[in-house]
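Asks: Numbering (this note's numbering), first residue to last: 19 to 464.
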Amino acid sequence: MIKKLYSLNVFLLFFIIFGYSQEALNLQQAIEIGLKNNYQIQIAERNLEIAQNSNDWSIAGRYPNINATLNWNNNFVKSNNPASFFPENTSLSSGIVPGAELTWTLYNGSRIRLSKQQLEQLQQIAQGNVQIGVENTIQNIILAYYQALVQQEQLRLREEVLNLSRDRLEYARVRVEFGQAASFDVLQSQDAYLNDSTSFLIQKNTFENAIRNLNNAMGVDALGTTYQLTDQLQFAVEDYTLEDLKNRMLVSNRVLQNLFVTREIAAIGTRIQETAQKPQVNLRLGVTDNINYNIISRQVNISGEERDFSNVRTNALNTTLGVSLVYNVFDWGVRKRNIQNARIQEITAQLNIEDQKRNLNGQLETTYATFNNQRQLVEVTNQLVTNAQRSLTIAGDRFEAGLINVFDYRVVQLSYISAVQSRLNAIYNLKTTETDLIRLVGGLVR
19 MIKKLYSLNV FLLFFIIFGY SQEALNLQQA IEIGLKNNYQ IQIAERNLEI
69 AQNSNDWSIA GRYPNINATL NWNNNFVKSN NPASFFPENT SLSSGIVPGA
119 ELTWTLYNGS RIRLSKQQLE QLQQIAQGNV QIGVENTIQN IILAYYQALV
169 QQEQLRLREE VLNLSRDRLE YARVRVEFGQ AASFDVLQSQ DAYLNDSTSF
219 LIQKNTFENA IRNLNNAMGV DALGTTYQLT DQLQFAVEDY TLEDLKNRML
269 VSNRVLQNLF VTREIAAIGT RIQETAQKPQ VNLRLGVTDN INYNIISRQV
319 NISGEERDFS NVRTNALNTT LGVSLVYNVF DWGVRKRNIQ NARIQEITAQ
369 LNIEDQKRNL NGQLETTYAT FNNQRQLVEV TNQLVTNAQR SLTIAGDRFE
419 AGLINVFDYR VVQLSYISAV QSRLNAIYNL KTTETDLIRL VGGLVR
C-alpha cells in the first residue's frame with residue numbers, strides 16, 4: 019500500500035509540473051513581450067516624441083511672430099481752452115482698434131541656428147534614453163529567463179534522482195522479500211526517497227518563483243502564468259578579444275554616447291552665450307485701424323455758436339514698418355560670467371566622458387577576465403558531470419549486485435547531484451557575464 023502511495027504521489031507531482039499544456043516561450047518571444055509591456059520604455063518613448071516635436075525651426079525662433087490685437091477704448095473729454103479754435107469741448111466716444119503686428123528677428127549672432135542644433139542634440143539624448151531603457155529590459159529578461167531555465171533543469175534533476183531513489187527503494191523491498199537484504203536497508207532507502215521528495219518539492223517552489231520573476235521582468239501582470247521554456251541551457255559562446263570589445267564599446271556604448279552628446283550640447287551652449295556679445299536686428303511691421311464712434315460731442319466756438327458732432331463715426335488706418343538694432347553696451351559683466359560658466363560646463367562634460375571611459379574600461383577588463391574564467395569552469399564541470407554519471411551507473415550496478423550498500427550508493431548519488439548543480443550554475447554565471455559583456459559594447463538592441 020505504501021509503495022502504491024509513493025508512486026501515486028510522484029505521478030501527481032510530475033503531472034502538476036509537466037503534465038498539462040503550457041504556452042511555449044523562447045527567449046526572443048520573452049524579450050518582445052517585455053519590450054512591449056515595459057512602462058519605463060514607454061515613458062522614454064513619450065519623452066522622445068516631445069523632443070522630436072520640439073526639434074523644429076519655429077521653436078528655435080527662425081520664423082516671425084504675428085500677433086493680432088483688438089482694443090476697445092472709451093474716452094470722455096471736457097476741456098476749456100481759450101486759445102483753441104473751440105475753447106469749450108465736451109465729448110464721449112467709444113472706439114475699437116483692431117490691428118496686426120509682425121516681429122521678425124533678422125540677426126542675433128547665429129543664435130537661432132545654434133538653438134536648432136541644440137534641439138537636435140536633445141533629441142539624440144532622448145533616443146539614447148530609450149535605448150538605455152531597452153538595454154535594461156533586455157538584460158533583465160535574459161537573466162530571468164536563464165534563471166528559470168536553470169531552475170527547470172534543477173527540477174528535472176530532482177525528478178531524475180527521485181526516480182532513482184524510488185527504484186532503489188523498490189529493489190530493496192524485493193531483496194528483503196527474498197531474504198537477500200535486511201529491513202534496515204529498506205529504511206535507509208525510504209529515508210533517501212523521502213529526502214529526495216522533499217528536495218523535489220522545494221525545487222518546485224523555487225522554479226515557480228523563477229517563473230514569477232520572469233513574468234515580472236516581461237511586464238506580465240498575471241505572475242502565475244506558466245510556460246514551457248523551449249530554449250536550451252547550453253554551453254555555446256562566442257570567442258571575444260579584449261581589443262575588439264574595447265573598440266566596440268567606445269563606438270556603441272549607449273551611456274558613453276549620451277555623454278558625447280551632452281558634451282556637444284555644452285559646446286553649443288557656450289556658443290549661444292557668446293552670441294549675446296553681438297547686436298540683434300529686428301524687423302517690425304504693424305497695421306492698426308482706429309474706428310471711433312462719437313456718442314456725445316458738443317463744441318462751442320469763439321462767437322458762442324455751439325457745434326454738435328454726435329453720432330459721427332471716424333476711422334484712421336495706421337501702418338508702421340521699422341528695423342531696430344539692439345546692442346547691450348554694459349550689463350555689469352553678466353554676459354562674461356555666463357560665457358565663463360558655459361565653458362566650465364563644457365570642461366565638466368569632457369571630464370564626465372573621461373571618467374566614464376575609465377570606469378567602462380575597468381568593468382570591461384574585469385568582466386572579460388571573469389568570462390574567460392567561467393568558460394573554463396563550465397568545461398571542468400562538464401567533465402565532472404560526465405564522471406559523476408559514469409560513477410552513478412557503476413554504483414547502481416554494484417548496488418544491485420550487492421557489492422556496495424545503500425550508504426555507498428547514496429554518497430555517489432549526492433555527488434552526481436552536486437556535479438550537475440555546479441554545471442548548471444556555471445553555465446548560468448557564464449550567460450550572465452556574457453550578457454554584461456554584450457551590454458558594455460552596446461549589443462543589447464531591439
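Yeah, the Cβ is synthetic: ideal placement off N, Cα and C, and Gly gets one too. Small disclaimer: the values here were computed from a predicted structure and weren't measured.
1) Give the single residue among Leu140, Asn65, Val152, Ser409 whose Cα lies nearest to the Cα of Val463.
2) With H, G and I counted as helix, E and B as strand and the rest as coil, what does DSSP make of Tyr446?
3) I'd like to check one pair, Ile371 with Arg281: are the Cβ atoms closer than 8 Å?
4) Distance, Cα to Cα, Ile84 vs Asn308?
5) Within its chain, find whatever has a CB closer than 7 Å to the CB of Ile20; leave out the 5 residues flanking it on each side and keep chain order.
6) From the DSSP output, in three-state form, read off Tyr245 for me.
7) Beta-carbon within less than 8 Å of Gln40's beta-carbon, same chain only, minus the 5 sequence neighbours each way: which residues are those?
8) Excluding the five sequence neighbours on either side, which residues of its own chain have a C-beta within less than 7 Å of the C-beta of Tyr446, listed in chain order?
9) Three-state secondary structure (DSSP) at Ser128?
10) With DSSP as the reference, label Gly380 as helix, strand or coil.
11) Asp307 bridges to which residues according to DSSP?
12) Could you give the residue range of the beta strand (DSSP E) that holds Glu41?
13) DSSP on Ile34, reduced to helix/strand/coil?
14) Do Leu458 and Met267 have their beta-carbon atoms positioned less than 8 Å apart in this structure?
15) Out of Ala437, Leu45, Leu260, Thr306, point me to the one whose CA is closest to Gly117's CA.
16) Return the residue from the list Arg393, Ala162, Gly460, Val403 that minimises the CA-CA distance to Leu43.
17) Can you tell me the Cα-Cα spacing of Leu26 and Gly242, whole angstroms?
18) Whose C-beta lies closer than 6 Å to the C-beta of Ala228 among residues of the same chain, with five residues either side of it excluded?
19) Check Glu119 in the structure and name its three-state DSSP category.
20) Using 8 Å as the cut-off, can you tell me whether the stretch 202-213 makes contact with the stretch 172-187, which would need three or more C-beta pairs spanning the two stretches below that distance?
21) Would you say Leu369 and Leu274 are within 8 Å of each other, going by their C-beta atoms?
22) Give every residue of the same chain whose Cβ lies closer than 8 Å to the Cβ of Glu138, excluding the five residues on either side of it in the sequence, and list them in chain order.
23) With DSSP as the reference, label Ile20 as helix, strand or coil.
24) According to the neighbour-count rule (16 or more other Cβ atoms, all chains shown, within 10 Å of its Cβ), is Gly420 buried or exposed?
25) Secondary structure at Gly237, three-state DSSP: helix, strand or coil?
26) Between Ile51 and Val269, what straight-line distance do the alpha-carbon atoms span, to the nearest angstrom?
Replies: To lay it out plainly:
1) Within the sequence shown, residue 463 is the residue found at index 445, counting from 1. With distances taken between Cα atoms, Val463 lies closest to Val152.
2) Working through the sequence shown from its first residue, we reach residue 446 at position 428. Reduced to three states, the DSSP call for Tyr446 is helix.
3) Along the sequence shown, one-based indexing puts residue 281 at 263. Along the sequence shown, one-based indexing puts residue 371 at 353. Yes. Within cutoff.
4) Indexing the sequence shown from 1 puts residue 84 at position 66. Indexing the sequence shown from 1 puts residue 308 at position 290. A straight line joining the alpha-carbon of Ile84 with that of Asn308 spans about 19 Å.
5) Against the sequence shown, residue 20 aligns to sequence position 2. Confidence in Ile20 is poor, its pLDDT being 44 and thus under 50, which makes the residue's placement unreliable; the coordinate value appears in the next sentence. Once the five neighbours on either side are set aside, Ile20 has no close Cβ partner at all.
6) Position 227 of the sequence shown, counting from 1, holds the residue named residue 245. Strand at Tyr245.
7) Working through the sequence shown from its first residue, we reach residue 40 at position 22. Only Thr244, Tyr245, Gln246 meet the Cβ criterion.
8) By 1-based counting over the sequence shown, the position of residue 446 is 428. Contacts found: Tyr164, Gln165, Val168.
9) Taking the sequence shown and counting its residues from 1, one reaches residue 128 at position 110. Ser128 falls in the coil class under three-state DSSP.
10) For the purposes of this step, residue 380 is identified with residue 362 of the sequence shown, where counting begins at 1. Gly380 falls in the helix class under three-state DSSP.
11) Sequence index remark: in the sequence shown, residue 307 carries index 289 (1-based). Looking at the DSSP assignment, Asp307 forms a beta bridge with Leu335.
12) Taking the first residue of the sequence shown as position 1, residue 41 is located at position 23. Start and end: 41-43.
13) For the purposes of this step, residue 34 is taken as the residue at position 16 of the sequence shown. Confidence at Ile34 is low in this model, with a pLDDT of 49, below 50, so the placement of that residue is unreliable and no value is reported for it.
14) Taking the sequence shown and counting its residues from 1, one reaches residue 267 at position 249. Taking the sequence shown and counting its residues from 1, one reaches residue 458 at position 440. Yes, the pair counts as a contact, with Cβ atoms nearer than the cut-off.
15) Working through the sequence shown from its first residue, we reach residue 117 at position 99. The candidate whose alpha carbon is nearest that of Gly117 is Thr306.
16) Within the sequence shown, numbered from 1, the residue matching residue 43 stands at position 25. That would be Ala162, whose Cα lies nearest to the Cα of Leu43.
17) Here residue 26 is taken as the residue at index 8 of the sequence shown, counted from 1. Here residue 242 is taken as the residue at index 224 of the sequence shown, counted from 1. Unreliable positioning characterises Leu26 in this predicted model, as indicated by a pLDDT of 44, which lies under 50. A coordinate reading is not provided.
18) Against the sequence shown, residue 228 aligns to sequence position 210. These residues qualify, in order along the chain: Gln165, Ala166, Gln169.
19) For this step, residue 119 is matched to residue 101 along the sequence shown. If DSSP states are grouped into helix, strand and coil, Glu119 belongs with the strands.
20) yes
21) Counting from one through the sequence shown, the residue named residue 369 turns up at place 351. Counting from one through the sequence shown, the residue named residue 274 turns up at place 256. No, the Cβ-Cβ distance between Leu369 and Leu274 is not below 8 Å.
22) By one-based count along the sequence shown, residue 138 stands at place 120. Around Glu138: Asn73.
23) The count along the sequence shown starts at 1 and reaches residue 20 at position 2. Only weak support exists for where Ile20 lies, its pLDDT of 44 falling under 50; the value from the coordinates is given anyway. Helix.
24) Sequence index remark: in the sequence shown, residue 420 carries index 402 (1-based). Looking at its Cβ environment, which holds fewer than 16 other Cβ atoms inside 10 Å, Gly420 is exposed.
25) Here residue 237 corresponds to residue number 219 of the sequence shown, with the count starting at 1. Coil at Gly237, not helix or strand.
26) As a first step, residue 51 is located in the sequence shown; it is residue number 33 there, counting from the start. As a first step, residue 269 is located in the sequence shown; it is residue number 251 there, counting from the start. Spanning the two alpha carbons is a distance of roughly 29 Å.
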